[in-house]
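Participant: So that we are looking at the same thing, I have put the structure below in structure tokens.
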Ligand code: ASP
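In the numbering used here, the protein residues as written are 1126 to 1449.
The structure is reproduced here in structure tokens:
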């Protein structure tokens, strides 16, 4: 009897917790890259857009940067599964399982998938002092400077790493890669001329291109973009790298074991945010496309990530780059 009562009390407490979620305790969105960078930008806009649908709760962003995004992801995989610690991560969720040998968590089984957020094109940009003003000139400069070119990235597993790898493979040119904790510090060094090239998400590069702080050479998508600052850039495919296409995406995750009611509430808040005209406008202004399809459903999000792992794994294995 006593046992039954205890069980009933536990069930009631659990139900009350789910009912009251999020309550007044803030929600932390972990971004596995530096502050001020492209994923951070998406997270901060998303935090703002999810606040109202979650009853006005405070959402804060925690930049747990390093190791190409695996430090932040691991932090969330090990966090308490109460819905108050979430992860915003990108295509790295699909590249890390192949690229990082001793990944301390499992992408497919250590998280609750909450839905996808956006698709983001990337741009190939260069330091302002680079003596090339379009892709053709860049291509000639690369040929003349083989062995001397520095390419920044946000570590093995980052989107900039993936894009840079694809770029070097397509050109059959090896560059010296310089890893940072995010592309925010990488772009600062690019502007300062410490590195030559960077392939980075439009959520970080659009304003720098607009302000002419960096040189922009191409976009990585299959089609040209419509964002005013980016619409004149050729695709790498049309510039001669046949079949080149890298578009990255972001999704939202909670630790495995987060109660189903809490997952449902977070998913509903995410869906509301994705319909928020303000959020859509901000993202579009940065060249990103807010997800408006079945990938907002947790099960579809999970399927999509599994398909991306299957898509990129052979490409990355062929490139033979690993981190421990
Ligand atoms: N998303 C990373 C950042 O926010 C950059 C990358 O993945 O390349 O810095």
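From the three backbone atoms N, C-alpha and C, an ideal C-beta is built for every residue, glycine too.
Run the CB neighbour count on residue 1418, radius 10 Å, all protein chains shown included, and call it buried at 16 or more, exposed below.
Facilitator: So residue 1418 counts as exposed.
Participant: Can you tell me which of 1217, 1177 and 1320 puts its alpha carbon nearest to the alpha carbon of residue 1377?
Facilitator: Nearest of 1217, 1177 and 1320 to residue 1377, Cα basis: 1217.
Participant: Mind listing which residues have their beta carbon within less than 5 Å of any non-hydrogen atom of the ligand ASP? Chain order is fine.
Facilitator: Result (chain order): 1158, 1162, 1163, 1164, 1279, 1283, 1284, 1285, 1307 and 1308.
Participant: Return helix, strand or coil for residue 1237, following the three-state DSSP convention.
Facilitator: It is a strand residue.
Participant: Spell out the partners DSSP gives residue 1154 in its beta bridges.
Facilitator: Looking at the DSSP assignment, residue 1154 forms a beta bridge with 1186 and 1211.
Participant: Here's a check: name, in chain order, each residue in its chain whose Cβ is nearer than 8 Å to the Cβ of residue 1430, leaving out the five neighbours to either side.
Facilitator: Closer than 8 Å at Cβ, skipping near neighbours: 1218, 1219, 1232, 1233, 1238 and 1376.
Participant: Excluding the five sequence neighbours on either side, which residues of its own chain have a C-beta within less than 8 Å of the C-beta of residue 1282, listed in chain order?
Facilitator: Excluding sequence neighbours, residue 1282 sits near 1192, 1193, 1194, 1195, 1217, 1220, 1221, 1224, 1225 and 1448.
Participant: Quick one: Cα of residue 1347 to Cα of residue 1150, how far?
Facilitator: Computed Cα separation, rounded: 43 Å.
Participant: Mind checking residue 1243: buried by the 16 CB within 10 Å criterion, or exposed?
Facilitator: Residue 1243 comes out buried.
Participant: Kindly identify the DSSP beta-bridge partner or partners of residue 1340.
Facilitator: Answer is 1251, bridged to residue 1340.
Participant: Closest to residue 1166 by CA distance: which of 1258, 1199, 1331 and 1236 is it?
Facilitator: For the residues 1258, 1199, 1331 and 1236, the minimum Cα distance to residue 1166 belongs to 1331.
Participant: Excluding the five sequence neighbours on either side, which residues of its own chain have a C-beta within less than 6 Å of the C-beta of residue 1276, listed in chain order?
Facilitator: Within the same chain, residue 1276 has close Cβ partners 1289, 1300, 1302 and 1322.
Participant: Could you tell me which residues DSSP pairs with residue 1350 in its beta bridges?
Facilitator: In the DSSP output, where bridge partners are listed per residue, residue 1350 has none listed.
Participant: Taking 8 Å as the cut-off, does the segment 1353-1370 touch the segment 1327-1341 (at least 3 CB pairs, one atom from each stretch)?
Facilitator: Yes: at least three Cβ pairs fall under 8 Å.
Participant: How many Å lie between residue 1451 and residue 1163 at the Cα?
Facilitator: Since the first residue of the chain shown is 1126 and the last is 1449, residue 1451 is not available in this structure.
Participant: Could you check what DSSP says for residue 1160 in three-state terms: helix, strand or coil?
Facilitator: Coil.
Participant: Quick one: is residue 1309 buried, meaning 16 or more other Cβ sit within 10 Å of its Cβ, or exposed?
Facilitator: The residue is buried, with at least 16 neighbouring Cβ atoms inside 10 Å.
Participant: Check whether the segment 1172-1184 touches the segment 1396-1411, taking contact to mean three or more Cβ pairs, one atom from each stretch, closer than 8 Å.
Facilitator: The segment 1172-1184 vs the segment 1396-1411: in contact.
Participant: Going straight from the alpha carbon of residue 1380 to that of residue 1389, what length do you get?
Facilitator: Their Cα atoms are separated by approximately 14 Å.
Participant: With C-beta atoms as the reference, is residue 1253 less than 8 Å away from residue 1340?
Facilitator: Result yes, Cβ atoms of residue 1253 and residue 1340 sit closer than 8 Å.
Participant: Provide the residue span of the beta strand (DSSP E) that contains residue 1379, from first to last.
Facilitator: Here the beta strand (DSSP E) through residue 1379 covers 1372-1380.
Participant: Taking residue 1198 and residue 1256 to be in contact with their CB atoms under 8 Å, please state how far apart those CB atoms are, rounded to whole angstroms.
Facilitator: Not confirmed; about 39 Å, so no contact.
Participant: Which first and last residues belong to the alpha helix (DSSP H) in which residue 1222 is found?
Facilitator: Where residue 1222 is concerned, the enclosing alpha helix (DSSP H) stretches over 1217-1224.
Participant: Measuring straight from C-alpha to C-alpha, what distance separates residue 1316 and residue 1250?
Facilitator: Their backbone Cα atoms lie some 10 Å apart in a straight line.
Participant: Leaving out five residues on either side along the sequence, give the residues of the same chain with a beta carbon under 7 Å from the beta carbon of residue 1260.
Facilitator: Cβ neighbours of residue 1260 beyond the five flanking positions: 1342, 1343, 1359 and 1364.
Participant: Would a check of beta-carbon distances place residue 1242 closer than 8 Å to chain D?
Facilitator: Included in the structure is just one protein chain, with no chain D present.
Participant: Keeping to the same chain, check which residues put their C-beta closer than 6 Å to that of residue 1443; ignore five residues upstream and five downstream.
Facilitator: Excluding positions up to five away in sequence, the list is empty.
Participant: For residue 1438, collect the residues of the same chain with a Cβ closer than 8 Å to its Cβ; drop the 5 residues on either side in sequence, then sort them by chain order.
Facilitator: Contacts found: 1222 and 1223.
Participant: Thinking residue 1146 and residue 1421 are a contact (beta carbons under 8 Å), I'd like their distance in whole angstroms, please.
Facilitator: That pair is no contact at about 19 Å.
Participant: Quick one: grab the DSSP three-state call for residue 1277.
Facilitator: Residue state, collapsed to three classes: strand.
Participant: Using C-beta distances below 7 Å, list every residue in its chain close to residue 1136, excluding the 5 sequence neighbours before and after it, in chain order.
Facilitator: Its pLDDT being 49, under 50, residue 1136 is placed unreliably by the model, and the measurement read from it follows with that caveat. Taken in chain order, the list of residues that qualify is empty.
Participant: Measure the alpha-carbon distance for residue 1366 versus residue 1203 and round it to whole angstroms.
Facilitator: For residue 1366 and residue 1203, the distance between alpha carbons rounds to 41 Å.
Participant: Let me check one thing: in DSSP terms, what residues is residue 1301 bridge-paired to?
Facilitator: In the DSSP output, where bridge partners are listed per residue, residue 1301 has 1275.
Participant: Taking C-alpha atoms, which residue in 1172, 1272, 1161 and 1404 lies nearest to residue 1297?
Facilitator: Residue 1297 has its Cα closest to that of 1272, out of 1172, 1272, 1161 and 1404.
Participant: Terminal residues of the continuous beta strand (DSSP E) containing residue 1322?
Facilitator: Per DSSP, residue 1322 belongs to the beta strand (DSSP E) from 1322-1326.
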